[in-house]
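Before any comments, here is the structure.
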Amino acid sequence: MKFGTLSTQNPHHSVRQARLPAFAPLLLIAAIWLGGWPTAVGADNLSKFTRQPYLQLATPSSMRIVWRTASEMTPVVRFGKKADDLDQIIANEFVIVRRLLGENGGDESMPLHSAPEGTRQFETTIQGLEHDTRYWYAIFDGDRRLTPDGEAGETYFFETHPKPDPAPNPLVELLIPKSPLAFWVVGDSGTGGSDQIAVFDAMRDYVKDKKVDIDMYLHVGDMAYGSGTDAEFGERFFAIYEPLLRNTVCWPAMGNHEGKTSRGDTGVGPYYDAYVCPTRAEAGGVASGLEAYYSFDYGPVHFVVLDSHDLDRSQDAPMAQWLKADLEQTQAEWLVAYWHHPPYTKGSHDSDLELQLMEMHENYMPLLESAGVDLVLGGHSHIYERSMLIDGAYATPTTAENVILDDGDGDPKGDGAYRKSGGLNPNQGTVAVVAGNGGTGVRRKGTMPVMRSILTEHGSLLVTIEGNTMNGVMINKVGAERDVFSIVKQGEVIPERVTSPWQPSAALDAPTMTQVKGQEMPGKSTAVIDQGDTWSYTKNPDDGAGWYGRDFDSSTWETGKAGFGYGDGDDETVLDDMRNNYTMLRIRRDFELSEKALAAGGLGLALRYDDGFIAYVNGKEALRVGVDFGAGKKAKGVLAHEAGRKERFFPIETNLFRIGKNVIAIEGHNTSKGSSDFTLDPYLIQTK
Amino acid sequence: MLLLYIGLLTCHGHEGPPEVIRRLTRDIDAGRGTAETFLARAIEYRILNKPSRAARDLRLATQADPDLVAVWRESAQVFLDLGNPVSAVHAARTALLKCDDDSRQARVCHLLLAQTLRSAGSSREALEVIDDAFLNWPEQDVDAYWLRSEILDELELQSQRLKCLSQGWESTGSEVLRIAWIEACIDLGRGAEVLPLIDGGLAGARLKASWRVRRARVLQIQGHDDEARAELRAALSELEMRINPQRPDPGVIRDHRRAFELLASFKVSAKRSTAEVSD
Numbered sequence: 000m001k002f003g004t005l006s007t008q009n010p011h012h013s014v015r016q017a018r019l020p021a022f023a024p025l026l027l028i029a030a031i032w033l034g035g036w037p038t039a040v041g042a043d044n045l046s047k048f049t050r051q052p053y054l055q056l057a058t059p060s061s062m063r064i065v066w067r068t069a070s071e072m073t074p075v076v077r078f079g080k081k082a083d084d085l086d087q088i089i090a091n092e093f094v095i096v097r098r099l100l101g102e103n104g105g106d107e108s109m110p111l112h113s114a115p116e117g118t119r120q121f122e123t124t125i126q127g128l129e130h131d132t133r134y135w136y137a138i139f140d141g142d143r144r145l146t147p148d149g150e151a152g153e154t155y156f157f158e159t160h161p162k163p164d165p166a167p168n169p170l171v172e173l174l175i176p177k178s179p180l181a182f183w184v185v186g187d188s189g190t191g192g193s194d195q196i197a198v199f200d201a202m203r204d205y206v207k208d209k210k211v212d213i214d215m216y217l218h219v220g221d222m223a224y225g226s227g228t229d230a231e232f233g234e235r236f237f238a239i240y241e242p243l244l245r246n247t248v249c250w251p252a253m254g255n256h257e258g259k260t261s262r263g264d265t266g267v268g269p270y271y272d273a274y275v276c277p278t279r280a281e282a283g284g285v286a287s288g289l290e291a292y293y294s295f296d297y298g299p300v301h302f303v304v305l306d307s308h309d310l311d312r313s314q315d316a317p318m319a320q321w322l323k324a325d326l327e328q329t330q331a332e333w334l335v336a337y338w339h340h341p342p343y344t345k346g347s348h349d350s351d352l353e354l355q356l357m358e359m360h361e362n363y364m365p366l367l368e369s370a371g372v373d374l375v376l377g378g379h380s381h382i383y384e385r386s387m388l389i390d391g392a393y394a395t396p397t398t399a400e401n402v403i404l405d406d407g408d409g410d411p412k413g414d415g416a417y418r419k420s421g422g423l424n425p426n427q428g429t430v431a432v433v434a435g436n437g438g439t440g441v442r443r444k445g446t447m448p449v450m451r452s453i454l455t456e457h458g459s460l461l462v463t464i465e466g467n468t469m470n471g472v473m474i475n476k477v478g479a480e481r482d483v484f485s486i487v488k489q490g491e492v493i494p495e496r497v498t499s500p501w502q503p504s505a506a507l508d509a510p511t512m513t514q515v516k517g518q519e520m521p522g523k524s525t526a527v528i529d530q531g532d533t534w535s536y537t538k539n540p541d542d543g544a545g546w547y548g549r550d551f552d553s554s555t556w557e558t559g560k561a562g563f564g565y566g567d568g569d570d571e572t573v574l575d576d577m578r579n580n581y582t583m584l585r586i587r588r589d590f591e592l593s594e595k596a597l598a599a600g601g602l603g604l605a606l607r608y609d610d611g612f613i614a615y616v617n618g619k620e621a622l623r624v625g626v627d628f629g630a631g632k633k634a635k636g637v638l639a640h641e642a643g644r645k646e647r648f649f650p651i652e653t654n655l656f657r658i659g660k661n662v663i664a665i666e667g668h669n670t671s672k673g674s675s676d677f678t679l680d681p682y683l684i685q686t687k
Numbered sequence: 000m001l002l003l004y005i006g007l008l009t010c011h012g013h014e015g016p017p018e019v020i021r022r023l024t025r026d027i028d029a030g031r032g033t034a035e036t037f038l039a040r041a042i043e044y045r046i047l048n049k050p051s052r053a054a055r056d057l058r059l060a061t062q063a064d065p066d067l068v069a070v071w072r073e074s075a076q077v078f079l080d081l082g083n084p085v086s087a088v089h090a091a092r093t094a095l096l097k098c099d100d101d102s103r104q105a106r107v108c109h110l111l112l113a114q115t116l117r118s119a120g121s122s123r124e125a126l127e128v129i130d131d132a133f134l135n136w137p138e139q140d141v142d143a144y145w146l147r148s149e150i151l152d153e154l155e156l157q158s159q160r161l162k163c164l165s166q167g168w169e170s171t172g173s174e175v176l177r178i179a180w181i182e183a184c185i186d187l188g189r190g191a192e193v194l195p196l197i198d199g200g201l202a203g204a205r206l207k208a209s210w211r212v213r214r215a216r217v218l219q220i221q222g223h224d225d226e227a228r229a230e231l232r233a234a235l236s237e238l239e240m241r242i243n244p245q246r247p248d249p250g251v252i253r254d255h256r257r258a259f260e261l262l263a264s265f266k267v268s269a270k271r272s273t274a275e276v277s278d
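Protein chains in written order, with numbering that gives the first Met the number 0: chain E, 0 to 687; chain Z, 0 to 278.
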């Protein structure tokens with residue numbers, strides 16, 4: 000286990016805000032005086048990057064570093080085993096330069112297919128490295144250092160993979176304990192919104208608390224809504240995860256949203272510009288010949304990545320043939336497979352109805368299970384679902400009949416870990432996880448009978464593998480452990496099918512409640528902004544930039560009492576012109592908080608709404624419900640929701656509020672102009 | 000751009016296909032149906048495995064805008080799903096005709112046309128089309144090499160097929176193409192040539208049955224019947240361990256059947272030989 004290697008820098012600060020070491024000016028003076036490098040040290044140099052350095056294609060002996068600039072540079076990479084002694088150099092002639100097709104120069108065989116004009120993407124593979132070893136690196140433009148020096152520079156490192164060890168020696172392992180592998184699994188995150196950021200922050204806090212280092216990041220697709228364009232990748236993936244990506248490889252599976260602009264068969268599009276995946280078994284496994292599906296090894300674990308979106312998913316197609324050959328060859332102790340469309344789900348998608356999902360459980364699960372797969376990960380469906388230990392669920396519709404090998408919860412502190420024989424053995428049971436809760440609106444349609452845990456809340460999965468034990472934990476967006484499971488592989492286990500297995504409740508849980516770190520919803524509360532209080536409002540989406548900020552002047556707006564809406568006879572301020580004309584209403588209101596009130600904390604929103612809303616406190620987005628991403632005219636993915644009783648969202652992050660004047664601003668959205676009703680009826684509450 | 004537009008129509012991330020269809024239907028019913036809307040709804044119907052409804056929407060899409068290549072491409076796929084390769088060929092041809100000089104689009108349309116022609120039983124023309132694609136865009140992907148090798152196999156042009164697979168393997172590194180090339184070599188009686196590769200595969204594999212069957216085929220051709228039988232028995236033994244009696248993997252069953260048939264062929268030929276001696 001490696002400790003404390005995840006950057007603690009806030010990913011949402013501008014890159015210009017990265018901290019400089021206090022002694023940086025002295026270093027700079029010294030460097031100039033000595034006539035050596037660096038000639039410039041500082042975070043300002045980071046602005047040269049349009050995509051900051053990130054890692055790809057790790058192996059036991061090599062690492063690929065990728066970055067982008069908006070113009071030419073003389074790319075140089077320095078690296079070494081000590082952060083303050085980068086004693087090895089990759090000169091510019093060993094750095095590949097990728098440009099847009101049609102632009103002169105660069106590597107013509109590797110054009111960029113989609114990027115702003117003038118973009119340069121630099122890629123270099125550092126080879127001949129020691130396995131399982133940490134190296135630090137820095138990017139230079141000639142002799143000008145671009146990545147920061149000092150403390151911030153220490154977060155620019157990578158670790159090579161351990162060697163695959165087909166025949167582990169228990170005595171050696173006892174004497175020299177191996178580091179466990181920890182990987183972070185995220186799906187359907189790419190909104191760029193507050194939920195995505197909260198999920199990331201929650202996992203960062205969690206691993207920091209637990210002193211776990213994330214060795215790799217598995218993304219199961221839909222990382223750049225809505226169409227996986229280059230700009231969306233920049234805003235909704237790289238900008239958000241940059242502090243992790245600079246020292247952790249993301250191994251991706253393409254989602255259907257990336258598939259709108261990238262093609263698996265040709266490897267063309269922004270997704271394939273961004274990632275460097277193995278095609279010739281560079282990182283283990285057998286060669287797939289294309290980046291859309293591939294495999295790689297990390298010590299005793301073999302990972303298989305498939306393209307469930309746009310390639311032939313039949314059993315005779317090249318992808319299935321490749322998988323068969325790959326699984327025949329692997330000597331690993333553990334097998335993890337992932338792709339975008341999950342084989343089993345009843346979240347926002349239904350694996351009993353949708354072709355890609357059906358084909359994955361009908362055609363691919365048999366192949367994987369007969370090769371001994373342990374864990375199958377998917378996304379696409381915006382929910383967290385985790386199965387019992389299952390085998391043979393290949394029929395459609397999926398039932399629990401005769402496919403459950405262990406119907407316990409898999410929690411070592413609960414019903415106990417799932418048990419399998421040591422090594423890879425056919426049909427000893429798989430845990431299937433849908434991790435489509437990484438950022439976009441969560442939803443549940445029904446109940447998948449093989450699932451043991453079904454959670455309609457944002458979060459992500461952390462998996463660790465150490466020796467004969469795999470542990471999985473779902474951390475929700477506020478940092479709570481919401482599901483725990485383990486698989487222990489030891490001795491010989493003879494699986495038996497459970498004749499009358501445990502079944503999940505068919506009651507659909509309400510997806511709208513939020514709770515923070517074990518706090519209960521408030522029993523008693525007072526109103527800070529009461530029901531029926533007066534708000535300023537506008538129907539005009541162009542009514543002022545920064546309309547949700549503290550200093551915005553809303554004196555030209557209309558005023559009215561909450562709630563606002565039409566069509567259901569429950570509105571104080573009736574918007575009888577809204578239907579067929581506009582879908583969005585903005586409201587805002589000032590309110591005062593005393594020092595005492597602020598110290599007491601526990602502020603939350605209660606409201607009736609139809610269909611979705613985004614709430615801002617003092618200019619910062621505080622809550623987003625039923626709106627997938629974007630805001631104003633660019634808001635996308637408004638989920639239909641009928642206003643019923645008031646729903647409470649509690650608490651809102653305390654540090655958004657301040658003593659004295661505060662502003663709350665809410666943007667309500669209707670699914671369509673023709674909708675029969677609209678409601679936005681908020682009040683702000685505080686626990687007593 | 001069109002793909003992006005269709006993306007926007009369907010990009011409500013938390014919606015499943017039924018919800019997207021409902022939303023698009025509302026737009027269509029309100030008179031806002033465009034070729035793009037019909038195409039978007041057809042894509043969702045196809046995901047729901049409702050190709051007839053998808054075909055209906057695609058027909059409406061072609062009426063709304065007969066020049067949208069994406070509609071014709073999707074139509075070709077849907078007609079293949081419906082088992083109507085003749086209409087699929089027509090749609091793929093139209094898509095190709097309507098392609099401008101966007102080489103990426105034209106390349107994809109060539110492969111689609113070859114695929115539909117193959118499904119319609121016109122393998123000869125399919126070969127011409129895919130050969131055109133290889134001529135115009137020499138850097139092809141695994142699927143293109145695979146499709147071309149299948150067409151060549153159907154036309155019994157085995158030496159060309161061998162060359163195609165070998166080029167494909169060399170160009171892409173694909174293990175699938177390499178294994179197909181090895182199998183094709185065995186089919187052509189060139190097993191001795193690939194025996195070292197088979198031995199390499201066998202040595203490196205955890206699950207050895209597929210490689211054992213390949214080795215047995217070569218040994219059988221070489222007349223080393225006892226060794227071939229031993230390989231097949233070992234393969235069968237491994238496969239029987241891997242067959243899940245309740246929920247078998249069809250791939251394992253297929254391998255088992257193949258090994259079993261090969262082993263049985265020895266017995267049949269042995270019986271035949273015995274009968275011939277008796278006669």
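Built from N, CA and C at the ideal position, the CB exists for glycine as well.
On a Cα-Cα basis, can you pick out the residue from the options that is closest to residue i?
{"i": "residue 113 of chain E", "options": "E/357, E/146, E/140 and E/228", "result": "E/228"}
{"i": "residue 534 of chain E", "options": "E/55, E/400, E/662 and E/505", "result": "E/662"}
{"i": "residue 697 of chain E", "options": "E/97, E/90, E/628 and E/325", "result": "Residue 697 of chain E lies beyond the residue range present for chain E, which begins at 0 and ends at 687; the question has no answer from this structure."}
{"i": "residue 281 of chain E", "options": "E/124, E/272, E/118 and E/606", "result": "E/124"}
{"i": "residue 211 of chain Z", "options": "Z/188, Z/182, Z/187 and Z/189", "result": "Z/182"}
{"i": "residue 320 of chain E", "options": "E/152, E/441 and E/293", "result": "E/293"}
{"i": "residue 664 of chain E", "options": "E/670, E/680, E/673 and E/671", "result": "E/680"}
Residue i: beta carbon under 7 Å from a heavy atom of the ligand SAM?
{"i": "residue 539 of chain E", "result": "Ligands in the displayed structure: none, and consequently the ligand SAM is not present."}
Which residues in chain Z have a C-beta closer than 8 Å to the C-beta of residue i? List them in chain order.
{"i": "residue 163 of chain E", "result": "Chain Z residues near residue 163 of chain E: none, gap ~12 Å exceeds 8 Å."}
{"i": "residue 673 of chain E", "result": "25 and 29"}
What residue range is occupied by the uninterrupted alpha helix (DSSP H) comprising residue i?
{"i": "residue 73 of chain Z", "result": "68–80"}
{"i": "residue 36 of chain Z", "result": "34–46"}
What residue range does the beta strand (DSSP E) around residue i cover?
{"i": "residue 212 of chain E", "result": "Residue 212 of chain E -> no beta strand (DSSP E), and no H or E assigned at all."}
{"i": "residue 327 of chain E", "result": "That residue, residue 327 of chain E, is in no beta strand (DSSP E); its alpha helix (DSSP H) goes 317–328."}
{"i": "residue 678 of chain E", "result": "677–686"}
{"i": "residue 65 of chain E", "result": "62–68"}
List the residues of chain E that residue i touches, going by C-beta distances under 8 Å, in chain order.
{"i": "residue 103 of chain Z", "result": "265 and 267"}
Chain Z partners of residue i, CB-CB under 7 Å?
{"i": "residue 349 of chain E", "result": "15"}
{"i": "residue 426 of chain E", "result": "243"}
Where in the segment 171–210 of chain Z do unbroken runs of the beta strand (DSSP E), each at least 3 residues long, occur, reported from the N-terminal end onward? As far as the segment 171–210 of chain Z is concerned, it has no whole beta strand (DSSP E) run of at least 3 residues.
If you scan the segment 77–115 of chain E from start to end, which runs of the beta strand (DSSP E) of 3 or more residues do you find wholly inside it? Whole beta strand (DSSP E) segments, 3+ residues: 87–89 and 95–97.
Chain Z contacts from the segment 265–278 of chain E (Cβ-Cβ distance under 9 Å): Flagged, chain order: 265, 266, 267 and 278.
Minimum length 3: unbroken beta strand (DSSP E) runs contained in the segment 605–661 of chain E: If we require 3 residues or more, the beta strand (DSSP E) runs fully inside the segment 605–661 of chain E come out as 611–616, 619–624, 626–628, 635–637 and 646–648.
Output the residue ranges of the alpha helix (DSSP H) runs that lie fully inside the segment 442–489 of chain E and measure 4 residues or longer, sorted by chain position. Counting only runs of 4 or more, we get nothing.
Going along the chain, which residues of the segment 318–337 of chain E sit with their C-beta nearer than 9 Å to a C-beta in chain Z? Here the close residues are 318, 319, 320, 321, 323, 324, 325, 326, 327, 328, 329, 330 and 331.
Contact list for the segment 69–89 of chain Z against chain E, Cβ threshold 7 Å: Among the residues of the segment 69–89 of chain Z, none has a Cβ less than 7 Å away from any Cβ of chain E.
Please name the residues in the segment 278–301 of chain E whose beta-carbon is closer than 8 Å to at least one beta-carbon of chain Z, in chain order. Answer set for the segment 278–301 of chain E: 278, 279, 280, 285, 286, 287, 288 and 289.
So if I threshold CB-CB distances at 8 Å, which residues from the segment 353–368 of chain E count as touching chain Z? Taking 8 Å as the Cβ-Cβ cut-off against chain Z, the residues of the segment 353–368 of chain E that qualify are 353, 354, 355, 357, 365, 366 and 368.
Determine which residues of the segment 376–397 of chain E have a Cβ less than 9 Å from any Cβ of chain Z, and write them out in chain order. Within the segment 376–397 of chain E, the residues whose Cβ lies closer than 9 Å to some Cβ of chain Z are 380, 381, 390, 391, 392, 393 and 394, listed in chain order.
Quick check for students: name the residue ranges of the alpha helix (DSSP H) that lie wholly in the segment 397–442 of chain E, counting only runs of 4 or more. Whole alpha helix (DSSP H) segments, 4+ residues: zero.
What are the residues in the segment 187–213 of chain Z lying within 7 Å of chain E by C-beta distance? Residues 203, 204, 205, 206 and 209.
Could you run through the segment 426–446 of chain E and flag, in chain order, every residue whose CB is less than 8 Å away from some CB of chain Z? Of all residues in the segment 426–446 of chain E, only 426, 439, 440, 441, 442 and 444 place a beta-carbon less than 8 Å from a beta-carbon of chain Z.
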